[in-house]
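First the structure, in the form of structure tokens, and then the observations on it.
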Amino acid sequence: MHSRCLLVLPVILTLYGACVANAAEPTMTQTPLPTSVSDSKAGWALQITPYLWAAEMHGHISPFRRGPTISVDKSFSNVLDDLRVGGFIDIWGRSGRYVLSGDITYVDTKEGRASGPLPRLGPLPPGTRVEGAVNSKLFTATLLGGYRVVDTPTLTLDALAGLRAWHVSNKVQVSALGRSRSYKESFGWTEPVIGARAFTQLTDRLSLQGQANIGGFGAGSKFVWSAQATLNYVFTDKLSVSAGYKVLDINYDHKGNVYDTRMHGPVLGLTYRF
């Protein structure tokens, strides 16, 4: 099936987005939470970050088991043209040296043209106009827990581990002469993820964050990796903004479903701390 009609799944998402992302990724920004170990007595500090991921998508996809593997080369503007609904949100928490991260990505796209193997409508007169559309949905959810191995007033380093779940749904619909046929197929998987996050305070209001993780290892996808860096600015004790860049690369191939893509692009998030 043609690359314009199948699986404009990220937007990165994401957003990814993303990512989609989160890969959909664990978090968009970590603005300064209390850093001393003694703060653990105060309980959990939480923050929530809705974010955008202006991602491009490149790779190979086979959304239907009986369909061909297609090449995808989408700029962000192409992805945005096909976007129906997209949402990306990150939740981050810490209590003392213990950290918790959650990320959810949902992207719903629709391509108005279709080609390649399509549901049969039966015999049609020559010259009949046939219209096709493909609706693709991507959902990812990531949950990571970790421990702060370095904890100073200006530098922190967290070790993270957890799971990421993916769900992909595709529906193709063909209509002509008042008749319509559709075909729908979904697939998904859950995989382990390990990673690290570093955070450094530059000034009272400016900070830098970098994070990376790997996963899959054949227990889900063959392999997935992600990297992200952001510059963060604090407006108030409750509100901050972050901007940076994110990459998510995944190689999934199982029972005829292929999702071998790289998504990358700038990210922008707004964080509220409780």
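Residue numbering for the sequence shown follows the numbering used here, starting at 9 and increasing by one per position.
Where a beta carbon is used, it is the ideal one built from N, C-alpha and C, also for glycine.
Could you name the residues that DSSP lists as bridge partners for residue i?
i	result
W174	T148 and W197
S103	Y106
D166	R156 and R205
R281	Q55
D116	V93 and K145
S70	V266
Taking the straight line between their C-alpha atoms, what separation do you get for residue i and residue j?
i	j	result
S70	Y106	40 Å
F225	D116	28 Å
V157	T164	8 Å
S229	T150	14 Å
Y114	H262	22 Å
F96	V242	21 Å
P58	D90	21 Å
L214	N221	24 Å
T279	G264	40 Å
I78	V142	14 Å
V80	D257	14 Å
L276	G67	24 Å
S248	R281	9 Å
V176	G104	37 Å
G196	D212	43 Å
N86	L146	17 Å
L88	F72	23 Å
Q219	W233	11 Å
P200	G223	5 Å
A63	S190	29 Å
R74	K118	21 Å
Secondary structure at residue i, three-state DSSP: helix, strand or coil?
i	result
S85	helix
D212	coil
D98	strand
D90	helix
T269	strand
K254	strand
P161	coil
D111	strand
T238	strand
G218	strand
G223	strand
P274	strand
F243	coil
L126	Residue placement at L126 is flagged as unreliable, the pLDDT there being 48, under the threshold of 50; the coordinate-derived value follows with that caveat. Residue state, collapsed to three classes: coil.
A32	Residue placement at A32 is flagged as unreliable, the pLDDT there being 34, under the threshold of 50; a coordinate-derived value is accordingly withheld.
A26	Bear in mind that the predicted position of A26 carries a pLDDT of just 33, short of 50, making it unreliable; the figure below should be weighed with that in mind. A26: coil per DSSP, three-state reduction.
S229	coil
Apart from the five residues just before and just after residue i, which ones in its own chain have a Cβ nearer than 6 Å to its Cβ?
i	result
K192	K179
V255	A235 and H272
I99	I56 and G110
Y260	S229 and Y267
L168	L152, G154 and G203
I112	I97 and A149
R205	D166 and Q219
S194	S177
Report all residues from its chain with a CB closer than 8 Å to the CB of residue i; omit the five preceding and five following residues, and keep chain order.
i	result
G101	W52, A53, L54, Q55, V107, L108 and S109
T43	Residue placement at T43 is poorly supported in this model, since its pLDDT is 38, which falls under 50; the coordinates still yield a value, given next. Same-chain partners within the cutoff: D159, T160, P161 and T164.
L216	F207, T208, L210, A237, T238, L239 and N240
T198	L171, R172, A173, W174 and G228
V93	Y114, V115 and D116
Would you verify that the beta carbon of residue i is, or is not, closer than 8 Å to some beta carbon of chain C?
i	result
R281	Although the question refers to chain C, the structure presented lacks it and comprises just one protein chain.
Here's a check: name, in chain order, each residue in its chain whose Cβ is nearer than 7 Å to the Cβ of residue i, leaving out the five neighbours to either side.
i	result
F84	A62, A63, E64 and G273
I want to check one thing, is the minimum distance from the CB of residue i to the heavy atoms of the ligand GDP below 7 Å?
i	result
G67	Inclusion of the ligand GDP in the displayed structure is not the case, the ligand content being empty and no account of it being possible.
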